Amino acid sequence: MSKGKKAPHPELFTDLPEQLAPSGLVRAIKTPVWTEQKAKLISRYLRYFVFITKHGAYIDGFSSPKSPDVAESWAAELVLDSMPKRLREFFLCELKPGRMAPLTELKARQPAVPKRHIEVIQGDFNNSVHEILKGGLITDKKATFCLIDQFTCQCHWSTLQALATHKTAGNNKIELFYFLATGWLNRALRGFSRNPHIPERWWGRPDWASLQGLSGHKTAEQFRDRFINELGYRYVTPWPISKRDRGRGRVMFYMIHASDHPEAPQLMDRAYHNVTNRLEPEDQLKMEFEQ
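According to this note's numbering, the stretch in the sequence shown is residues -8 to 282, in order.
Structure, rendered in structure tokens:
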């Protein structure tokens, strides 16, 4: 080994491919992010990013809490409460009327912040997304982030296309945090024999059955490639999210992060590796990002 070069870290998960991320942009994974920490991952990343953008909009397609009894596991709450409050527009979407109460309560308890817009939307996100994009608040120059924390196959491929193509050419696309539930995806796909239209809308093509039997990382690679080649994102990285079990656990999700911003991969790398650490003081982040 040449002088000055460090040996690469061994991969933690044996089922990961040799390279899931653009070479040189992110570090090898030494410690997993657990399922109960995935909301912290999103909020930590956005906290870093707003020090660069100074503004932003947040769309949450499936925003009601998934695990109400687990502290700090609700992404919408963590993002709204994050400091500094530089995100200005929030669109919190939920399909089921019975799951709306936490969202309306979350909005009601927010402190008054000038020029802050919070909208709680009941309905199918695959329909609501078009109204959000037509509303005029998501402009070409507005840094916009969309969380898609679906259970399995709820988000249509056409919804991803609408998000990816909303801004005109030459502007950074709407950034995506797309949760792919590889932990139970094969079992779920086997159950769609009588209603194949559901996975077909999710995958966007009739060959969705080709995903059956693939390992989690192979499925994540398929999505990564399509995000790059079909949706046109410059930087796409699938990040493993594990179930805590005897200190390690199996990969239950991949959070596929898609962005056009050149600093996005390094910021997500930092968020992923720091998710269990204390938040850095605002003064420290200002010194790092606002020089």
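For each residue, glycine too, the CB sits at the ideal point set by N, CA and C. Predicted, not measured: the structure shown is a model, and the values here were computed from it.
- Please work out which residues of its chain come closer than 8 Å, Cβ to Cβ, to R90, disregarding the five sequence neighbours upstream and downstream, and give them in chain order. Stepping through the sequence shown from its first residue, residue 90 is reached at position 99. Same-chain partners within the cutoff: S55.
- Using DSSP with H/G/I as helix, E/B as strand and the rest coil, what is F81? Locating residue 81 in the sequence shown gives position 90, counting from the first residue. Strand, per DSSP.
- Query: Roughly how many angstroms lie between the CA atoms of E221 and L94, to the nearest whole one?
  - Reply: One-based indexing of the sequence shown puts residue 221 at position 230. One-based indexing of the sequence shown puts residue 94 at position 103. Their Cα atoms are separated by approximately 33 Å.
- Thinking C-beta only, is A172 closer than 8 Å to T143? Reading the sequence shown from its first residue, position 152 is the one you call residue 143. Reading the sequence shown from its first residue, position 181 is the one you call residue 172. Yes.
- Query: Once you ignore the five residues that flank L83 on each side, which residues in its own chain have a CB closer than 6 Å to its CB?
  - Reply: Translated into positions along the sequence shown, residue 83 becomes position 92. Hits under 6 Å: D51, S54, A67, L94 and V111.
- Beta carbon proximity, L78 to chain B, threshold 8 Å: Of the protein chains in this structure there is only one, and it is not chain B.
- According to the Cβ coordinates, are F136 and H108 closer than 8 Å? Within the sequence shown, numbered from 1, the residue matching residue 136 stands at position 145. Within the sequence shown, numbered from 1, the residue matching residue 108 stands at position 117. No, Cβ-Cβ distance for F136 and H108 is not below 8 Å.
- Query: Pick from G126, W148 and G47: whose alpha carbon is nearest that of W199?
  - Reply: As a position in the sequence shown, residue 199 is number 208, starting the count at 1. Comparing Cα-Cα distances from W199 to each of G126, W148 and G47, the minimum goes to W148.
- Query: With a CB to CB cut of under 6 Å and the five nearest residues on each side skipped, what residues in its chain are close to R192?
  - Reply: Start at 1 with the first residue of the sequence shown, and residue 192 comes out as number 201. Same-chain partners within the cutoff: H147.
- Message: Taking the straight line between their C-alpha atoms, what separation do you get for A99 and A92?
- Response: Residue 99 sits at position 108 when you count from the first residue of the sequence shown. Residue 92 sits at position 101 when you count from the first residue of the sequence shown. In a straight line, the C-alpha of A99 is about 11 Å away from that of A92.
- Task: Give the C-beta separation of Y36 and L258 to the nearest angstrom, bearing in mind that I take them to be a contact with Cβ-Cβ under 8 Å.
- Result: By 1-based counting over the sequence shown, the position of residue 36 is 45. By 1-based counting over the sequence shown, the position of residue 258 is 267. Rounded, the Cβ-Cβ distance is 6 Å, consistent with contact.
- Can you give me the start and stop residues for the alpha helix (DSSP H) that V41 sits inside? Position 50 of the sequence shown, counted from the first residue, corresponds to residue 41. That run of the alpha helix (DSSP H) goes K29 to T44.
- Message: Once DSSP output is grouped into helix, strand and coil, what is the label at G252?
- Response: Locating residue 252 in the sequence shown gives position 261, where the first residue counts as 1. Just to set this straight, residue 252 is His in the shown sequence, not Gly. Reduced to three states, the DSSP call for H252 is coil.
- Do you know how far the Cα of I219 is from the Cα of S201? Position 210 of the sequence shown, counted from the start, is the residue given in the question as residue 201. Position 228 of the sequence shown, counted from the start, is the residue given in the question as residue 219. Spanning the two alpha carbons is a distance of roughly 19 Å.
- Supposed close pair F170, Q141 - CB separation, criterion 8 Å: On the sequence shown, position 179 is the one that residue 170 refers to. On the sequence shown, position 150 is the one that residue 141 refers to. Correct: roughly 6 Å between the Cβ atoms.
- Nearest-angstrom beta carbon gap, A103 and S64 [assumed within contact, 8 Å]: As a position in the sequence shown, residue 64 is number 73, starting the count at 1. As a position in the sequence shown, residue 103 is number 112, starting the count at 1. Wrong, their Cβ atoms sit about 27 Å apart, outside the cutoff.
- C-alpha distance - V227 paired with F244, whole-angstrom precision: As a working mapping, residue 227 is identified with position 236 in the sequence shown. As a working mapping, residue 244 is identified with position 253 in the sequence shown. So the two alpha carbons sit approximately 15 Å from each other.
- Message: Using a Cβ-Cβ cutoff of less than 6 Å, which residues in the same chain neighbour T44 once the five nearest sequence positions on both sides are dropped?
- Response: Locating residue 44 in the sequence shown gives position 53, where the first residue counts as 1. Hits under 6 Å: A134.
- Under 8 Å between C-beta atoms of P158 and D131: The residue given as residue 158 occupies position 167 in the sequence shown. The residue given as residue 131 occupies position 140 in the sequence shown. The sequence shown places Lys at residue 158, not Pro. Result yes, Cβ atoms of K158 and D131 sit closer than 8 Å.
- Query: Expressed to the nearest angstrom, what Euclidean distance is found between the alpha-carbon atoms of P69 and P88?
  - Reply: For the purposes of this step, residue 69 is identified with residue 78 of the sequence shown, where counting begins at 1. For the purposes of this step, residue 88 is identified with residue 97 of the sequence shown, where counting begins at 1. The sequence as given places Leu at residue 69; Pro does not occur at that position. Taking the straight line from one Cα to the other gives about 22 Å.
- Run the CB neighbour count on V24, radius 10 Å, all protein chains shown included, and call it buried at 16 or more, exposed below. Position 33 of the sequence shown, counted from the start, is the residue given in the question as residue 24. Buried.
- Message: Let me confirm a value: K209 is counted as buried when at least 16 other C-beta atoms fall within 10 Å, else exposed. Which label applies?
- Response: Residue 209 sits at position 218 when you count from the first residue of the sequence shown. Result: exposed.
- Is Y263 helix, strand or coil by DSSP? Indexing the sequence shown from 1 puts residue 263 at position 272. Here Y263 sits in helix by DSSP.
- Task: Per DSSP, which residues does D51 bridge with? Please list them.
- Result: Here residue 51 is taken as the residue at index 60 of the sequence shown, counted from 1. In the DSSP assignment, the residues bridged to D51 are L83 and L138.
- Message: By the DSSP assignment, the alpha helix (DSSP H) with T210 in it spans what residues?
- Response: One-based indexing of the sequence shown puts residue 210 at position 219. From DSSP, the alpha helix (DSSP H) with T210 extends over G207 to N220.
- Could you tell me how far apart the beta carbons of L180 and Q203 are, in whole angstroms, since I believe they sit closer than 8 Å? Here residue 180 is taken as the residue at index 189 of the sequence shown, counted from 1. Here residue 203 is taken as the residue at index 212 of the sequence shown, counted from 1. Indeed, because the Cβ distance is near 5 Å, the residues count as touching under 8 Å.
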